[in-house]
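Using mature numbering (1 follows the signal peptide of the UniProt record, and there is no 0), the letters of the sequence shown map in sequence onto residues -24 to -1, 1 to 577. Even for Gly, the Cβ is constructed at its ideal location relative to N, Cα and C. This one's a predicted model, so the numbers in the text were calculated from it and none came from an experiment.
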Amino acid sequence: MRFIHTLCLSLALTVSSTNLTAQAQNGSGYFLHTVTKGQSLYSIASMYHVTVDDIVRLNPGSRDQIRAGEALKIPQVQTSNQSSSTFHTIQAGETLYQLTVKYNITAQAICDANPGLSARNFRIGQVIVIPAQGTASSESAADVKRQEPEQPAEKEKGWKDMHKVERKETIFSISQMYGISQEELIAANPELKTQKLKKGSFLFIPYPKQEAKKGETDKPSPAYTPSNEELFSQSLPKLKQIQTIKAAVMLPFMAGTKTNADEQTRMVEYYEGLLIAVDSLKRQGISVDLYAYDTKGSANAIQSILNRNEMKDMDIIFGPAHTGNLKPLTDFADKNNIRLVVPFLPKVDQVFNNPHVYQINTPQSYLYSEVYEHFLRKFSQSNIIFLDAGTNDKEKAEFIKGMKDELNNSKVKFKQVRLGTEMEPNKIIAAMDTLRENIFIPISGQNLALNRLMPQLTLVRREHPNYNMHLFGYPEWQTYTQDHLASFYELDTYFYSSFYTNNLFPEAINFTQAYRRWYSKDMANTFPKYGMLGFDTGYFFLKGLAQKGNKLEENLDKVQVTPIQNGFKFERVNNWGGFINRKVFFVHFTKDYELIKLDFE
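Listed below in structure tokens is the structure:
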């Protein structure tokens, strides 16, 4: 195992960036995007190189709320690049072979542009990238380039129109509106066989049989049409084991223009934890060459590192620490087919269009969606009471609004009680249900709110010990445990977090002892602990590469590790983008003085 520590000197700023500019096409060209759990208007706009306003113009009311399963019209864009890609929404009955004919491109090119696409998830409503002609991979024998002439743009989409379902409309009324039969409408939208019409959803309106696309019946049918399974199988890369993993860490280790002493301590601690992970893997017979580079938080230092000969041979890179340094790293990773693990940043827009990016710190909208799902799974039958302590916490306003929307959508009733600085236990008791669990959710995560609410809740608990009471809150409560630990236990408290460790867990004890033995110091008292974060991310990805090689992305859920602090649940954001970590825990301080980390997977 070889450790190379590289100190990068200051260089003249040489980085130049080219921004992708997108403009909506003239006319009414659009495709459909089906909203999935956790997506926001911002994340959807980032996927398609459009603005939030572009989406709202085509979908009035979407600025206020979008729901999973809802179909949004997205304007088809034309970039400043002449050879730009386009987006395509898979239609009923469509196959990969048909797309190769329609767009005059190989199946290999489509698969390469959509690494998240497979025969299993090739289904109606999925959006995929159609790469520009000329960017195609070499053709396979069973997938020769098609020579059919292109159809006019208005006919090429394969359906005549899209219809947004309005209130009280039926299959019959919509069919009559467009002069087609009910059977034709259902054939174009097979989900209608099992699902009811929903207001706001979109339907494909097919051409009536008498208006079939000109020349369609004249096209000769191929003697043999390959299936999706065959074409995807031919397009898959062969399994390649990695004998020695080459990994780079690019972080600001030394004080620089954007680096302060606290950040320097965190970055060094992250690297120290990663070194322990590498040592642990070495003892298992896994070979790793680890390169460490000091970026100083500057763009010129980043570019200097990327210009080094060895960087193109990396299997994986960990970094950077600053948002401003993301683009050169993500561009480099994409160009050279290198995995880029971004450990700290909460906003990584490049993950929506770069298949090599892994975002560890879960974006807020995705994090909240996981919390809502787990909360409803556990507490949907409970009496839910929001508590307003009058502290005006704007940071939690979006979380509370989203939680209330989810409760309303699931037809779960809730209440809200305003408590001042005076003791008002009767207000709390009046909102409670003696026959069910009572879940109290402060609408603020601030310590000030807890200081106002805790005495009143504990008073009710002590005066009415038979009431089933729980308190539910936020990740930052980990920093308040010294002030409120006894009350957390007494109130049977839960809080959600994407990271947590109990210092009494065996894995945490072993790591803490190893860290102290290696470095003759303790980790900084931060949340999360960066030494543990370095160990968890390093161990997961390096072991995954050793086990799965270039098939890691297809087997992320099969990487067997026991993280100390951070859990991993990676999902692609779309068929052409990267991965975000959606892992969320509930931490439970029980009234029996136990500390339990709830994993819902």
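Exposure of residue i, with buried meaning 16 or more beta-carbon neighbours within 10 Å
{"i": "Ala47", "result": "buried"}
{"i": "Gln123", "result": "A caution first: Gln123 carries a pLDDT of 31, below 50, which makes its placement in the model unreliable, though a value can still be read off. With fewer than 16 other Cβ atoms within 10 Å, it is exposed."}
{"i": "Thr410", "result": "exposed"}
{"i": "Thr397", "result": "exposed"}
{"i": "Arg315", "result": "buried"}
{"i": "Glu286", "result": "exposed"}
{"i": "Asn542", "result": "buried"}
{"i": "Lys190", "result": "With a pLDDT of 49 at Lys190, under the threshold of 50, the modelled position of that residue is not reliable, and no figure is offered here."}
{"i": "Tyr476", "result": "buried"}
{"i": "Met153", "result": "exposed"}
{"i": "Asp30", "result": "buried"}
{"i": "Ile20", "result": "buried"}
{"i": "Gly3", "result": "With a pLDDT of 36 at Gly3, under the threshold of 50, the modelled position of that residue is not reliable, and no figure is offered here."}
{"i": "Gly14", "result": "buried"}
{"i": "Pro196", "result": "Annotation note: pLDDT 46 at Pro196 (below 50); position unreliable, coordinate value reported separately. Answer is exposed; the Cβ neighbour count stays below 16."}
{"i": "Pro431", "result": "exposed"}
{"i": "Val560", "result": "buried"}
{"i": "Ser474", "result": "buried"}
{"i": "Leu215", "result": "exposed"}
{"i": "Asp498", "result": "exposed"}
{"i": "Ala44", "result": "exposed"}
{"i": "Thr338", "result": "buried"}
{"i": "Pro319", "result": "buried"}
{"i": "Glu570", "result": "exposed"}
Those residues which DSSP pairs with residue i across a bridge
{"i": "Gly449", "result": "Phe471"}
{"i": "Arg33", "result": "Answer is none; Arg33 lacks a bridge partner."}
{"i": "Asn414", "result": "Asn359, Met445"}
{"i": "Leu48", "result": "His9"}
{"i": "Asp137", "result": "Ile181"}
{"i": "Arg548", "result": "Phe555"}
{"i": "Arg315", "result": "Ile292"}
{"i": "Arg394", "result": "Asp364"}
{"i": "Lys573", "result": "Val563"}
{"i": "Thr220", "result": "Ser263"}
{"i": "Thr338", "result": "None, per the DSSP bridge assignment."}
{"i": "residue 582", "result": "With the chain represented from -24 up to 577, any question about residue 582 goes unanswered, as that position is not in the structure."}
{"i": "Asn542", "result": "Phe475"}
Bounding residues of the beta strand (DSSP E) (the contiguous stretch that carries residue i)
{"i": "Ala490", "result": "Taken as a continuous stretch (DSSP letters only), Ala490 belongs to no beta strand (DSSP E), being part of the alpha helix (DSSP H) at 482 to 495."}
{"i": "Pro202", "result": "Pro202 -> no beta strand (DSSP E), and no H or E assigned at all."}
{"i": "Ile150", "result": "Run containing Ile150: none in the beta strand (DSSP E); it sits in the alpha helix (DSSP H), 147 to 154."}
{"i": "Thr76", "result": "Premise fails: Thr76 lies in the alpha helix (DSSP H), 72 to 79, not in any beta strand (DSSP E)."}
{"i": "Tyr334", "result": "333 to 335"}
Residue interval of the alpha helix (DSSP H) (run including residue i)
{"i": "Phe308", "result": "302 to 312"}
{"i": "Lys377", "result": "373 to 385"}
{"i": "Arg437", "result": "423 to 439"}
{"i": "Asp238", "result": "237 to 258"}
{"i": "Tyr515", "result": "506 to 524"}
{"i": "residue 580", "result": "The chain is shown only over -24 to 577; residue 580 falls outside these bounds and no answer can be derived."}
{"i": "Phe503", "result": "Element bounds for Phe503: n/a, residue is neither H nor E."}
{"i": "Thr457", "result": "457 to 466"}
{"i": "Lys403", "result": "401 to 407"}
{"i": "Phe276", "result": "Checking the sequence, you will find Asn at residue 276 rather than Phe. Looking at the DSSP string, the run of the alpha helix (DSSP H) that includes Asn276 is 275 to 282."}
{"i": "Ser19", "result": "17 to 24"}
{"i": "Gln84", "result": "83 to 89"}
Test item: CB-CB of residue i and residue j under 7 Å
{"i": "Ile415", "j": "Phe448", "result": "yes"}
{"i": "Glu239", "j": "Tyr495", "result": "no"}
{"i": "Ile50", "j": "His25", "result": "no"}
{"i": "Gln407", "j": "Val388", "result": "Inspection of the sequence shows that residue 407 is occupied by Ala rather than by Gln. The answer is no: Cβ separation not under 7 Å."}
{"i": "Phe517", "j": "Val317", "result": "yes"}
{"i": "Pro107", "j": "Ala83", "result": "no"}
{"i": "Leu509", "j": "Gly520", "result": "no"}
{"i": "Lys372", "j": "Asp468", "result": "no"}
{"i": "Ala558", "j": "Gly92", "result": "The residue asked about is misnamed: residue 558 is Arg in this sequence, not Ala. No, the pair does not count as a contact, with Cβ atoms beyond the cut-off."}
{"i": "Asp575", "j": "Pro539", "result": "no"}
{"i": "His350", "j": "Tyr470", "result": "no"}
{"i": "Ala484", "j": "Ile252", "result": "no"}
{"i": "Gly421", "j": "Glu374", "result": "no"}
{"i": "Ser263", "j": "Thr306", "result": "no"}
{"i": "Phe562", "j": "Tyr506", "result": "no"}
{"i": "Lys303", "j": "Asp265", "result": "no"}
{"i": "Ala425", "j": "Ala500", "result": "no"}
{"i": "Glu413", "j": "Asn385", "result": "no"}
{"i": "Val324", "j": "Gln335", "result": "yes"}
{"i": "Gly295", "j": "Leu250", "result": "no"}
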